[in-house]
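Numbers -5 to 159, taken from the working numbering, label the letters of the sequence shown in order.
C-beta atoms are modelled at their ideal positions from N, C-alpha and C, and glycine is treated no differently.
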Amino acid sequence: MSAIVDVAVRRPRLVLGIWLALVVALGLAGLRIEQQLHLTNPIVPGSSSAREQQVMTRQFGEESALVAELDGPPAQLQASGPRIVDALERVPHVSVASPWHSGPAALRPDGSTAILLLGVRQPFERVGKDAVPRIRAALRGAAPSSISYHITGYADIASGVERGT
């Protein structure tokens, strides 16, 4: 280590020149690296995420997808579920697959949980800004206090990042 310090003290211009050359070389290499990078599919084949993605693609085609989970007492969830789905279907550009309307029974893994698959036919940039807040408002308005809900999906995450939450 002391040898490096000696060279840096005795020949500062040489050391600065080497550092500058290194920075320029790495900068030029960085310009080309972006072309070599590509998006990878974040869904692992054979996983439960992959199976859910296949169901969503069959149900909605290629569009932005969100998943909502409803949790609550089984009787109240069964009674409130259709009303919640109807409220979500009134949100512009939103389609819903649920255990109550047009969805497979697998969307109701047990009596106290239901999964809603939401397809949004809007450009991805608009989904987080327009659809996600409307979906949240529809859930707030339709779900009784005994039913909790959670939303997830790329558009919801992007919406949260944009809002800073």
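Helix, strand or coil for residue i? Go by DSSP, reduced to three states.
i, result
"ALA73", "helix"
"GLY66", "coil"
"ALA137", "coil"
"SER142", "strand"
"SER92", "strand"
"VAL155", "helix"
With distances taken Cα to Cα, identify the nearest neighbour of residue i among the options.
i, options, result
"VAL121", "SER(-4), SER41 and LEU60", "LEU60"
"GLN70", "ALA136, THR146 and VAL155", "ALA136"
"PRO117", "ARG134, ILE151, LEU10 and GLU57", "GLU57"
Buried or exposed for residue i, please, with buried defined as at least 16 other CB atoms from any protein chain shown within 10 angstroms of its CB.
i, result
"SER92", "buried"
"ASN35", "Here ASN35 scores only 47 on pLDDT, less than 50, and its place in the model is too uncertain to base an answer on."
"LEU14", "exposed"
"GLU119", "exposed"
CB of residue i to nearest heavy atom of the ligand ZN: below 8 Å?
i, result
"ARG130", "With respect to the ligand ZN, the structure offers nothing, as it holds no ligand at all."
May I have the straight-line CA-CA distance separating residue i from residue j, to the nearest angstrom?
i, j, result
"ALA(-3)", "LEU25", "34 Å"
"ALA125", "ARG7", "58 Å"
"ILE129", "VAL85", "7 Å"
"ALA108", "GLY147", "16 Å"
"SER140", "GLU63", "14 Å"
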